[in-house]
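Protein chains in written order, with the working numbering: chain A, 68 to 283; chain B, 68 to 283; chain C, 68 to 283.
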């Protein structure tokens with residue numbers, strides 16, 4: 068039987084893959100290219116985490132991630148433009164997956180013997196790095212550096228996990244608390260267009276100093 | 068004495084490096100930049116494979132790959148524009164190298180104890196990932212996601228390897244069969260401009276839904 | 068007490084982080100995005116080195132690099148545009164850090180049992196790769212491939228290290244010699260606008276051959 072945890076994992080993988088596939092289709096990638104971008108979006112964060120933890124990437128012994136991405140591609144081919152009407156649904160799934168992946172990233176890092184602050188970084192990397200590689204492959208500026216709180220929500224969820232440990236809460240409660248914090252932070256940020264301040268001070272229109280700067 | 072396998076390996080490395088160097092020169096990179104792009108194109112796929120397999124990257128104990136790339140750079144500096152007349156020749160070498168690298172990638176993965184489907188993925192990654200990093204470094208959209216079948220040829224060659232094992236063919240025959248499948252698929256795709264379908268359905272000119280989508 | 072080596076390390080980390088943060092601010096990244104780009108610029112080279120050496124990335128057990136980047140971000144937020152007047156100061160710090168990081172990269176690689184030529188490559192990768200990832204994340208063509216000698220200075224410093232070993236110099240002298248070579252090469256290159264030749268021969272305005280070439 069499939070467990071609740073597995074449902075979360077596959078839903079999240081599917082939503083991440085769909086996100087990659089949709090962006091790829093906007094740039095007229097072929098089916099194979101769309102599949103690769105979808106796969107990299109779905110497994111990129113966890114692969115970076117496993118490489119940094121010096122363990123074997125999770126998807127190399129378990130075919131479900133490749134299959135999940137294949138189903139996402141099939142879905143995109145069959146339903147095409149109609150998927151756009153489901154944007155909000157996918158956003159919800161994507162956010163559920165994000166909360167789940169952050170908790171997985173934190174726990175794998177703690178299990179490997181690293182300190183809590185490393186686990187917070189790795190939780191955020193697990194959740195957000197797939198989207199960064201997706202944007203790099205699409206030759207776009209990574210969205211997460213400019214849009215509503217996304218990676219920051221992962222960090223806040225990681226801090227919630229940390230507090231849960233400090234207050235000696237039950238392990239299952241810490242997991243739910245951390246994932247819920249990620250999800251609510253993300254949903255509130257999207258709903259109310261909450262973003263971080265833009266770093267200011269280096270103006271354009273000042274070609275001279277710009278030039279000096281770029282000559283680094 | 069140099070073996071037939073080594074000839075294939077050096078020819079392929081040289082052709083991959085030339086491909087990176089030529090693209091770099093189109094963007095007016097300096098000699099060092101061209102060397103780095105050539106090297107990354109030649110060793111990038113195998114390096115990713117070795118990192119994922121948790122083994123030491125192949126080029127770190129064997130200087131021939133760096134030397135091969137240096138010869139390719141010298142060649143490009145000396146012959147410059149005349150190289151363009153050799154485009155077809157390089158394409159043949161590149162394709163021979165591709166077939167060879169796919170087989171190496173598959174076998175290293177099987178040797179490390181992973182299942183056959185993982186080996187197919189890793190064979191394709193070994194063959195095609197160098198070109199992806201090349202395009203990322205050149206700040207271009209990766210070609211393999213839009214052009215004639217390239218990475219797909221690696222996957223088809225991997226499936227040929229798989230079938231060879233299922234039918235219990237001789238090891239050497241499986242290698243030749245798999246590499247030949249990659250090479251023929253690639254050459255036929257280029258000759259007859261065979262490509263995969265483009266993923267459709269997300270039209271431009273629909274800024275509103277686009278906006279919604281990008282707000283992810 | 069903080070040692071001289073640690074001062075070099077933190078100064079270099081700070082300068083590398085500032086470089087990433089300044090570029091990020093030019094592209095209007097938010098605070099979090101600027102922090103990530105700064106961090107990746109500072110730790111990217113060493114992380115690649117540690118992954119290739121199959122050892123645990125240095126920043127995962129020692130929080131000072133994340134803290135250093137946070138201070139750099141705070142500095143950029145507080146002083147904003149005024150930082151531009153300090154361009155030359157940062158360039159000096161950045162170059163000091165570069166010399167230091169190259170030596171660290173070389174020694175870690177030799178300690179792991181690799182040959183000297185691998186150490187030269189890894190020293191250059193440690194010094195220069197952070198800037199490459201920075202430019203990839205900013206969706207820019209990597210500067211080091213076109214501007215004044217930067218990565219090449221790392222290679223020259225590595226060769227100085229090699230010569231020091233060949234002449235059986237004292238270990239501390241080799242370190243200073245190598246770092247000084249990197250620093251002087253870099254400063255002279257910037258001062259006198261010394262660059263490597265651009266690779267020529269593949270002209271634009273020749274769309275036909277271009278097309279053939281790109282069809283690879």
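Glycine included, C-beta positions come from ideal geometry on N, C-alpha and C.
Partner residues on chain C for residue i, Cβ-Cβ distance less than 9 Å
i: residue 253 of chain A; result: What residue 253 of chain A touches in chain C: nothing, since even the nearest Cβ is about 13 Å away.
i: residue 118 of chain B; result: 118, 119 and 121
Bounding residues of the alpha helix (DSSP H) (the contiguous stretch that carries residue i)
i: residue 76 of chain A; result: 71 to 93
i: residue 155 of chain B; result: 154 to 178
i: residue 255 of chain A; result: 238 to 258
i: residue 203 of chain A; result: 183 to 204
i: residue 144 of chain C; result: 131 to 146
i: residue 110 of chain C; result: 98 to 119
i: residue 223 of chain C; result: 218 to 233
Assigned exposure category for residue i - 16 Cβ within 10 Å defines buried
i: residue 239 of chain A; result: exposed
i: residue 97 of chain C; result: buried
i: residue 145 of chain A; result: exposed
i: residue 228 of chain C; result: buried
i: residue 79 of chain A; result: buried
i: residue 234 of chain A; result: exposed
i: residue 275 of chain C; result: Because the pLDDT of residue 275 of chain C is 39, which lies under 50, any placement of that residue in the model is unreliable, and the question is left without a value.
i: residue 237 of chain B; result: exposed
i: residue 119 of chain A; result: buried
i: residue 140 of chain A; result: buried
i: residue 155 of chain C; result: exposed
i: residue 131 of chain C; result: exposed
i: residue 73 of chain A; result: exposed
i: residue 259 of chain A; result: exposed
i: residue 69 of chain A; result: exposed
i: residue 128 of chain A; result: exposed
i: residue 134 of chain A; result: exposed
i: residue 180 of chain B; result: exposed
Contact list for residue i against chain B, beta-carbon separation under 7 Å
i: residue 209 of chain A; result: Within 7 Å Cβ-Cβ: nothing; residue 209 of chain A doesn't reach chain B, min ~13 Å.
i: residue 130 of chain A; result: 184
6 Å Cβ shell around residue i - same chain, five flanking residues per side excluded
i: residue 224 of chain A; result: 169, 245, 248 and 249
i: residue 262 of chain B; result: 215
i: residue 200 of chain B; result: 107 and 111
i: residue 114 of chain B; result: 124
i: residue 166 of chain B; result: 246, 249 and 250
i: residue 171 of chain B; result: none
i: residue 152 of chain B; result: none
i: residue 157 of chain C; result: 82 and 85
Chain B contact residues for residue i, given Cβ-Cβ distances below 9 Å
i: residue 264 of chain C; result: 97, 98 and 144
i: residue 109 of chain A; result: Simply none; closest approach about 14 Å.
Neighbourhood of residue i by C-beta distance below 8 Å, restricted to the same chain and skipping five residues each side
i: residue 100 of chain B; result: 91
i: residue 209 of chain B; result: 198, 199, 202 and 203
i: residue 137 of chain A; result: 102
Proximal residues of chain A, C-beta to C-beta of residue i below 8 Å
i: residue 206 of chain B; result: 206
i: residue 203 of chain C; result: 203
Residue i at chain D interface by Cβ criterion, 7 Å
i: residue 219 of chain C; result: Looking at the structure shown, chain D is missing, and the protein chains on hand are A, B and C.
Contacts that residue i makes with chain B (C-beta to C-beta distance below 8 Å)
i: residue 169 of chain A; result: Here the premise fails: no neighbours, minimum Cβ distance about 17 Å.
i: residue 180 of chain A; result: Residues of chain B passing the Cβ test: none, with the nearest at roughly 17 Å.
i: residue 243 of chain A; result: Residues of chain B passing the Cβ test: none, with the nearest at roughly 24 Å.
Neighbouring residues, chain C, relative to residue i (Cβ below 8 Å)
i: residue 125 of chain A; result: Within 8 Å Cβ-Cβ: nothing; residue 125 of chain A doesn't reach chain C, min ~17 Å.
i: residue 91 of chain B; result: 212 and 266
Contacts that residue i makes with chain A (C-beta to C-beta distance below 9 Å)
i: residue 94 of chain C; result: 208, 212 and 213
Within chain C, the residues that residue i reaches when beta carbons sit closer than 7 Å
i: residue 199 of chain B; result: The contacting residues do not exist; residue 199 of chain B stays about 12 Å from chain C at best.
Own chain partners of residue i with C-beta closer than 7 Å, once the 5 adjacent residues on each side are dropped
i: residue 286 of chain B; result: As shown, chain B starts at 68 and ends at 283. That puts residue 286 of chain B outside it, with no answer to give.
i: residue 222 of chain C; result: 187 and 191
Per-residue DSSP class, three states only, for residue i
i: residue 214 of chain B; result: coil
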